[in-house]
Structures are given as C-alpha cells and as structure tokens.
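Enquirer: Here it is: the structure, laid out below.
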C-alpha cells in the first residue's frame, strides 16, 4: 500500500514537470501594438525657418521677394517693383487658429488675410480676403486714417486699441482665430485680446456694408480659402507660423 502511494506521488510530480516544460516551450504570443490615435486640432507648421514648402506667391508664382534670413521670413520689395508679390499658403483653410510673430519696418504696412481666393482675374488677395492689419502705428499715415486701420484691427471694420502693439523693429505676436461654426473671430495681440467680431451672417454683412468694401462684390463671401501675407511695398518679417484647424 505504501509503495502504491509513493508511485502515485511520483506520477503526479512527473506530470506537473512535463506540463511546466510544455508551457515554457510554447512560442511567445506576439504583443499587439495599438496605434496611438493622432490628436484632433493638431498644430500644423507653416513656417519654421527652414523652407517655404507650404507657400507660393499669389496666383501660383514662385516667390522671389520673400527670403529666409536666419530663421525668419523676410519680405523685401524689389527695386522698381511692378505690381505686388503676396505670399499665400498652398493649402486652404476654413475655421482655424493661426499663431505667428511679426515685426514691421519703420513706416511700414502689411497684413494677414484669410479666405483668400486665387484667380487670374484677381490681382490682389484683399479683393476677396478680410485683413488683420500690420502697421507701424507711430509713423505710417494709415494709422491716422482711423482706429480701424491700426495694428490688430480688422481692417476698415473693427478698431483695435492703442498701446498694445510694440514699435517698428520689435517683435509682436498674433493669435488669430476664425471660427465659422461659432460665428466668431478673435485677434490676440501680444497676449491681449484686442478685437472680436462675427465672421458671417447679418452682423458680418452689416460691417462690410459700412466699410470701404461695401461695393466689392466678392469680398468676404467665401468661408474657405488661403492665408495670405501681404506685400504692401515695405519690409516685413515673420517667424514661427503655425495653424490649427478647428
């Protein structure tokens, strides 16, 4: 009887050892790697100082007066310049948040436009795209033409306050939000909200009707288009341009 008990115990131990060996010799199960989903509303770099791959001159030309100097994008008008050379994004955007730094030369003028349409029959982005003003408020005569022409203003429609923009030759920052779903545009200049406005509907139409654009049949009619950096015949510099789709 004792011998039978010993044999049974030995058999159980042998069976357990075989099972453990079989488990150890099984091929490891490959781990499944789940792809991390890309976050929505991710920043898209439009200019980081390395290239102009995201841009072209208005109406499809290669830019010749926009150059990379250091890590900055600099517009310098050509001598005896005929016409203008505005820079526009390759991609079109609808609702977005645009972030960038800029500085204007003494007495200089420029601007940033959105919903810009390209067509050989159109000579300038401002014929279709509303503009956020860039200006040397101290020296350029346009600043004396009214508060809606100062830096930070929705040009000729919504005024910007004094005292927020830094002088010519110094860096300023813009965060421009255009949100058609919530019918709101916002301009933040140097971390201060300076302008807020509707971007569509009766209120937008009323603002346009009271501006210089009242009789411009295609101005501000589209909710999608290119972002434009304006050639106004003066040196202007940009850096760290990025955009987030809303």
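Residue numbers (mature numbering (1 follows the signal peptide of the UniProt record, and there is no 0)): -22 to -1, 1 to 224. Positions of the beta carbon are idealized from the N, C-alpha and C atoms, including for glycine. Just so you know, these numbers come straight off a predicted model, no measurement behind them.
(1) State buried or exposed for residue 145, treating a residue as buried only when at least 16 other CB atoms are found within 10 Å of its CB.
(2) Going by C-alpha to C-alpha distance, which of 30, 95, 114 and 67 sits closest to residue 210?
(3) Less than 7 Å between C-beta atoms, sequence neighbours within five positions excluded: which residues of the same chain meet that for residue 179?
(4) Quick one: what's got a C-beta closer than 6 Å to residue 125's C-beta in the same chain, skipping five residues either side?
(5) Tell me which residues share the same chain as residue 134 and place their Cβ nearer than 6 Å to its Cβ, disregarding the 5 neighbours each side in the sequence.
(6) Specify, as a first and last residue, the run of the alpha helix (DSSP H) that residue 149 falls within.
(7) Can you tell me the Cβ-Cβ gap for residue 199 and residue 74, rounded? I've got them flagged as a contact below 8 Å.
(8) Looking at the secondary structure, which residues open and close the alpha helix (DSSP H) in which residue 93 lies?
(9) Residue ranges of each beta strand (DSSP E) run of no fewer than 3 residues wholly in the segment 49 to 132, ordered along the chain?
(10) Under 9 Å, do residue 155 and residue 165 count as touching if we go by C-beta distance?
(11) CA-CA distance, residue 139 and residue 172?
(12) On the criterion of 16 or more Cβ atoms from any shown chain inside 10 Å, does residue 46 qualify as buried, or is it exposed?
(13) So, is residue 87 buried or exposed, given that buried needs 16 or more other C-beta atoms within 10 angstroms?
(14) Leaving out the 5 sequence neighbours to the left and right, which residues in its chain are closer than 6 Å to residue 85 when beta-carbon positions are compared?
(15) Can you give me the start and stop residues for the beta strand (DSSP E) that residue 171 sits inside?
(16) Throw me the rounded Cβ distance for the residue 41 and residue 30 pair, which I believe falls under 8 Å.
Expert: Inspection of the coordinates gives the following:
(1) Position 167 of the chain shown, counting from 1, holds the residue named residue 145. Result: exposed.
(2) Within the chain shown, residue 210 is the residue found at index 232, counting from 1. Measuring from the Cα of residue 210, the nearest candidate turns out to be 114.
(3) To locate residue 179, count along the chain shown from 1; it is residue 201. So the qualifying residues of the chain are 161.
(4) Looking up residue 125 in the chain shown gives position 147. Cβ neighbours of residue 125 beyond the five flanking positions: 137.
(5) Here residue 134 refers to the residue found at position 156 when the chain shown is read from its first residue. Taken in chain order, the residues that qualify are 126, 189 and 190.
(6) Here residue 149 refers to the residue found at position 171 of the chain shown. That residue, residue 149, is in no alpha helix (DSSP H); it is neither H nor E in DSSP.
(7) Your numbering for residue 199 matches position 221 in the chain shown. Your numbering for residue 74 matches position 96 in the chain shown. The Cβ separation is near 18 Å, so there is no contact.
(8) Mapped onto the chain shown, residue 93 falls at position 115. From DSSP, residue 93 is part of no alpha helix (DSSP H) but of the beta strand (DSSP E) over 87 to 94.
(9) 50 to 53, 65 to 67, 74 to 82, 87 to 94 and 109 to 113
(10) By one-based count along the chain shown, residue 155 stands at place 177. By one-based count along the chain shown, residue 165 stands at place 187. Closer than 9 Å, so yes.
(11) For the purposes of this step, residue 139 is taken as residue 161 along the chain shown, with counting starting at 1. For the purposes of this step, residue 172 is taken as residue 194 along the chain shown, with counting starting at 1. Looking at the two C-alpha atoms, the distance is approximately 6 Å.
(12) As a position in the chain shown, residue 46 is number 68, starting the count at 1. So residue 46 counts as exposed.
(13) Along the chain shown, read from residue 1 onward, the residue named residue 87 stands at position 109. It is buried - the Cβ of residue 87 has at least 16 other Cβ atoms within 10 Å.
(14) In the chain shown, residue 85 corresponds to position 107, counting from 1. Excluding sequence neighbours, residue 85 sits near 114, 117 and 118.
(15) Walking along the chain shown from the start, residue 171 turns up at place 193. Note, residue 171: beta strand (DSSP E), 170 to 175.
(16) Taking the chain shown and counting its residues from 1, one reaches residue 41 at position 63. Taking the chain shown and counting its residues from 1, one reaches residue 30 at position 52. Right, the Cβ-Cβ distance comes to about 6 Å (below 8 Å), so this counts as a contact.
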